[in-house]
Amino acid sequence: MAKITLDRIRHSYFPFPSQDEHYALKRVHLEWRDGGAYALLGPSGCGKTTLLNLISGLLVPTEGRLLFDGQDVTHASPEERNIAQVFQFPVIYDTMTVYDNLAFPLRNRHVPEAEVDARVREIAAMLDLTRTLGNRASGLTADGKQKISLGRGLVRSDVNVIMFDEPLTVIDPHLKWQLRSKLKELHQRTGRTMIYVTHDQTEALTFADTVVVMNHGVVVQTGTPIELFERPRHTFVGHFIGSPGMNLLPAEVKGGKVFFAGEEVAVDNATAARTAKGRLEIGIRPEFVGFGKAGLRADIVKVSDAGRFRIVEAASHGHKLKLLVPEGVSIPEGSARLAFNAARTRLYEDGWLAGDRPEDEA
Amino acid sequence: MRKTVNQKAWFLVLPVFLLVAFNALIPLMTVVNYSVQETFGDNVFTWAGVRWFEEVLRSDNFWNALQRQLLFTGLVLAIEIPLGLAIALTMPKKGFWVSVCLVLMSLPLLIPWNVVGAMWNIMALPEIGLLGKAINSLGINYNYTRQPVSAWFTLVLMDVWHWTSLVALLCYAGLVSIPDAYYQAAKVDGARRWAVFRYIQLPKLRHVLTIAVLLRFMDSFMIYTEPQVMTGGGPGSATTFLSIDLVKKGIGQFDLGPAAAMSIIYFLIILALSWLFYTLMMRNQEN
């Protein structure tokens, strides 16, 4: 068990990187608390797997250091780091039985056979593999094979961290849900650090206490699911998390006040707005827009019913906005005034939350 | 679902059927024809029954040649398969050296067989050949035209030089098709080099190894050109393999009946042994 620190890590697959675009990971400075349940969320190709392979030691970073409990392990092998990793596609040892597959990581470390047996049976019971323990692993379905991969990741009791690289891609939907709750349960029982890589926001938000959102090789925000929802640090987070995503409107700053198409909009980070320069946008989630007597003039374009609430599409000064309207609230016909919840309305500067850009930290 | 019957489909199979007929079926049937009849030329045939088969199976020449053949093929397989696999395991997986290695490995395979025989023939000459001279100057009495052991050593060495590349290239193709995730998982699981070979690489190479063994078995069992050019079957009959014996019988002595019978026996042996190899190596695949 260990606290994992990524100290100004950059990684490139090019032998001699010279530009920012050559880096798969542009700038990562992170700390993973011991015993946390983390999700690493981002679109395909954003650097999630690279980051994971750096932690596990399958890759060595081009720049920066990796620390386990303050000890430099940047150049240590996966075995020395004592980590477990489950890959996206099932990896099984064809010629072995299910039992031997699960026992493999333990036997390689010369764990006494009695303990191996106990651990294998415990993990097999958890993953419903007990009945097939004696079978050859090569005859199983994709589901079954991936369960073995998961089992091999979970079988060792002393690992520093268990990492899952989109492990449920090949699994049936109903089993997916079941396995995810199993993992969550296991985390609560053993208290081991787990990092779960996914591009599915539902998976990330249900599994993790802390979600790390990545885009284009940069960590854009680290926070609890609620923080990501209520205070997106980047327009990408606002867009990627939540359905529908955050509304974005072009903004101007004049005399410390924020305007959209000439109309003043009250924002939460107005103090930061004074210094704001670059491309400016106002971001507000559809949940925090309502109808009011005063406010932004808009035309109602379309209303669609999504069950417990309705999604209203409106247009204001040629820009589209979405509203989430709960049941029982009447929707005006034609034109309306839109009221923004000022505490949840924020100004973004080149995509970043004004006043909270990564450069501001340095 | 009902299948539509369309007899015209046979026309589509016809070209392949004709091709196979002319290059395999008809020649084979001609041999069968010769093997059960006696002829003295002039297209006059008399029925011989199984007489030629009995003659072949009673002849010492045949059994001796078969023994030599089995020993030669056994040696060749025992050396080339492990050696080829070892070479494939040490070849680079990416970068500039991959193409260099591949080209170098392919070179022996591109040389005509009789040229291979002639090359080694000259190279192994005890007086002037690089190999022959070198061995003799080490104090070892080496002369492949006089000593059966020297002749065997040279032939096996030549075959290993000629064909190990094929095994290595097949194994290499199998190795590079193993996904990286297997190696990564093995690293994370703490597997040693030997365990990676035993539990990942060897099982994944099962198919290509089966093909390599079959190809090398069939080819070495039918070897003719190289020993014919090198030693002509000698010294004495020390390197007279089945094919050399067969050609002597058929074309040398013009014993068409016995030669045809021997061809069929030869063919059946290869067929049976190939089937045996295949079944043994694929045995564990089903359960």
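Heads up: the sequence lines are chains A and B, in that order. In terms of our numbering, the first sequence is residues 1332 to 1693. In terms of our numbering, the second sequence is residues 1002 to 1288. All residues carry an ideal CB built from backbone N, CA and C; glycine is no exception.
Here the alpha carbon of ASN1122/B sits roughly 8 angstroms from the alpha carbon of VAL1230/B.
Under the criterion of beta carbons closer than 8 angstroms, LEU1257/B and TYR1035/B qualify as touching, at roughly 5 angstroms. Annotated as proximal: GLY1626/A and ALA1670/A, with beta-carbon spacing under 8 angstroms. Taking C-beta atoms as the reference points, TRP1153/B and THR1240/B count as a pair closer than 8 angstroms. Residues of chain A with a Cβ closer than 9 angstroms to the Cβ of GLN1185/B are, in chain order, ASN1384, SER1387, LEU1389, PRO1409, GLN1416, PHE1418, VAL1422. At least one CB atom of chain B sits nearer than 8 angstroms to the CB of MET1427/A. Sequence-distant Cβ neighbours of MET1427/A in its own chain, meaning closer than 8 angstroms and more than five residues away, are PHE1435, ARG1467, ALA1468. Of all residues in the region 1062-1093 of chain B, none has a C-beta nearer than 8 angstroms to a C-beta of chain A. Distance from PRO1228/B to ARG1147/B at the Cβ level is roughly 16 angstroms; contact not present, criterion being Cβ atoms closer than 8 angstroms. Within the region 1122-1163 of chain B, the complete alpha helix (DSSP H) runs of at least 4 residues fall at 1131-1138.
Using a Cβ distance threshold of 8 angstroms, PRO1409/A and LEU1390/A do not count as a contacting pair. In the three-state reduction of the DSSP assignment, LEU1580/A falls in the strand class.
Within chain A, no residue has its beta carbon less than 8 angstroms from that of VAL1099/B; the closest one is some 16 angstroms off. Closest in alpha carbon position to ARG1339/A, among ASN1384/A, GLN1350/A, PRO1392/A, is PRO1392/A. According to the DSSP secondary-structure assignment, VAL1544/A is paired through a beta bridge with LEU1372/A, GLN1552/A. Closer than 8 angstroms to the CB of PHE1495/A there is not a single CB belonging to chain B. Taking 7 angstroms as the upper bound on Cβ-Cβ separation, chain B lies near residues ARG1483 of the region 1472-1488 of chain A. A distance below 8 angstroms between beta-carbons, with the five flanking residues on each side excluded, links PRO1149/B to the following residues of its chain, in chain order: PRO1236, GLY1237, ALA1239, THR1240. Between the alpha carbons of VAL1214/B and ALA1169/B lies a distance of about 12 angstroms. For PHE1420/A, the three-state secondary structure derived from DSSP is coil. The beta carbon of PHE1399/A sits no closer than 8 angstroms to any beta carbon of chain B. When the beta-carbon positions are compared, MET1494/A and LEU1383/A come within less than 8 angstroms of each other. Using beta-carbon distances, VAL1209/B does not count as an interface residue toward chain A, since no partner is under 8 angstroms. For the region 1150-1181 of chain B, the beta-carbon criterion of a distance under 8 angstroms to any beta-carbon of chain A is satisfied by PRO1180.
Neighbours of VAL1197/B in chain A, taken as residues at a C-beta separation under 8 angstroms, are lacking, since the least C-beta distance is about 10 angstroms. For GLU1081/B and ILE1454/A, the gap between their C-alpha atoms comes out near 44 angstroms. In the DSSP assignment, PRO1228/B falls outside any beta strand (DSSP E) and lies within the alpha helix (DSSP H) extending over 1226-1231. Contact note: ARG1440/A reaches chain B through GLY1191, using a C-beta cutoff of 7 angstroms and chain order.
For ILE1335/A, the enclosing beta strand (DSSP E) begins and ends at 1335-1343.
Between PHE1538/A and LEU1510/A, the C-beta spacing is not below 8 angstroms.
Excluding sequence positions up to five before and after HIS1570/A, its CB lies within less than 7 angstroms of the CB of GLY1576, MET1577, all in the same chain and listed in chain order.
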